[in-house]
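Novice: Right, I'll just put the structure down here and ask away after.
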Amino acid sequence: MSIYSEMVEPYLGLLTEEEPLVVDYPCERLLSAKNAWYSALIKNGLGGLFSIRMRPREGQLVIEPLALKRKPASSDAEPLVKREVRRTLIRFVEGGTNINELMKTIDLGDVPRKLVEEVARELGWRGESENAGDKNTIDTSNNK
Numbered sequence: 001m002s003i004y005s006e007m008v009e010p011y012l013g014l015l016t017e018e019e020p021l022v023v024d025y026p027c028e029r030l031l032s033a034k035n036a037w038y039s040a041l042i043k044n045g046l047g048g049l050f051s052i053r054m055r056p057r058e059g060q061l062v063i064e065p066l067a068l069k070r071k072p073a074s075s076d077a078e079p080l081v082k083r084e085v086r087r088t089l090i091r092f093v094e095g096g097t098n099i100n101e102l103m104k105t106i107d108l109g110d111v112p113r114k115l116v117e118e119v120a121r122e123l124g125w126r127g128e129s130e131n132a133g134d135k136n137t138i139d140t141s142n143n144k
């Protein structure tokens, strides 16, 4: 019987992206089980979606979805996101990018477009309306 079929296969179907999977193994086989899990995740195209931690004292492996780790711990995360959006917009404009062109094409992944526009307006962008004028710069003097 292979390590994979003995230590991974019975539990692979229990893996979800909502909660960690904790599996008990004999302590002397914990490292082998961890390596088998890494191989199984990669083979199944899940390599970048989960982390694997060992709990040697308890004889456990914890296979945890990385999505859980990425979620903000509290609502305090929004000011941090706004600060990073501000820095990103300022870097683009200081590098010579026209703010109006930037706002037409920018995509910051999980950051809502509304938040990006809010930060741009705080920096002096007038919006995408026709009467926004020729202002193609933003105020970069107040780098927070």
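Note that the UniProt record's numbering numbers the sequence shown so that position 134 is 134, with each residue one more than the last. Each residue gets a CB set at the ideal place from its N, CA and C atoms; glycine is no exception. All figures in this text were calculated on a predicted structure; none of them were measured in a lab.
Applying the 10 Å Cβ sphere with the 16-neighbour rule, what's the burial state of Ala40?
Specialist: Under this definition Ala40 is a buried residue.
Novice: Does the beta-carbon of Thr16 have 16 or more other beta-carbons within 10 angstroms, so that it is buried, or is it exposed?
Specialist: So Thr16 ends up on the exposed side.
Novice: Kindly provide the ranges of any alpha helix (DSSP H) runs that are 4 or more residues long and lie completely inside the stretch 43 to 118, ordered along the chain.
Specialist: The stretch 43 to 118 contains these whole alpha helix (DSSP H) runs: 66 to 70, 77 to 94, 99 to 105.
Novice: By a C-beta neighbour count over all protein chains shown, 10 Å radius and 16 as the cutoff for buried, is Ala120 buried or exposed?
Specialist: Classification of Ala120: buried, given that the 10 Å Cβ count is 16 or more.
Novice: Just the Cα atoms here: how many angstroms apart are Gly127 and Glu101?
Specialist: C-alpha separation (whole angstroms): 11 Å.
Novice: So, do the stretch 81 to 93 and the stretch 48 to 58 have three or more beta carbon pairs nearer to each other than 8 Å?
Specialist: Result no; under three Cβ-Cβ pairs closer than 8 Å.
Novice: Going by DSSP in three states, Leu12 sits in which element: helix, strand or coil?
Specialist: Here Leu12 sits in helix by DSSP.
Novice: Figure out for me which residue from Val22, Trp125, Tyr11, Glu64 has the closest Cα to the Cα of Ile99.
Specialist: Closest option to Ile99, Cα to Cα, is Trp125.
Novice: Ordered along the chain, which non-local residues of its own chain (more than five positions away) have a Cβ less than 7 Å from that of Leu66?
Specialist: Leu49, Phe50, Ser51.
Novice: For Cys27, which residues from the same chain have a beta carbon less than 8 Å from its beta carbon, with the 5 sequence-adjacent residues on both sides left out?
Specialist: Same-chain partners within the cutoff: Pro56, Gly59.
Novice: List the residues that DSSP assigns as beta-bridge partners of Leu21.
Specialist: Per DSSP, Ile63.
Novice: When the Cα of Val85 is compared with those of Gly95, Ile42, Thr97, Ile106, which residue comes out closest?
Specialist: Checked all of Gly95, Ile42, Thr97, Ile106; the closest Cα to Val85 is Ile106.
Novice: Distance check for Gly45 and Tyr11, CA to CA, integer angstroms please.
Specialist: In a straight line, the C-alpha of Tyr11 is about 16 Å away from that of Gly45.
Novice: Taking the alpha carbon of Lys82 as the reference point, which residue from Ile63, Lys114, Glu64 has its own alpha carbon closest?
Specialist: It is Lys114.
Novice: Which word fits residue 146, buried or exposed, when buried means at least 16 other C-beta atoms lie within 10 angstroms of its C-beta?
Specialist: No statement about residue 146 is possible, as the shown extent of the chain runs from 1 to 144 and does not include it.
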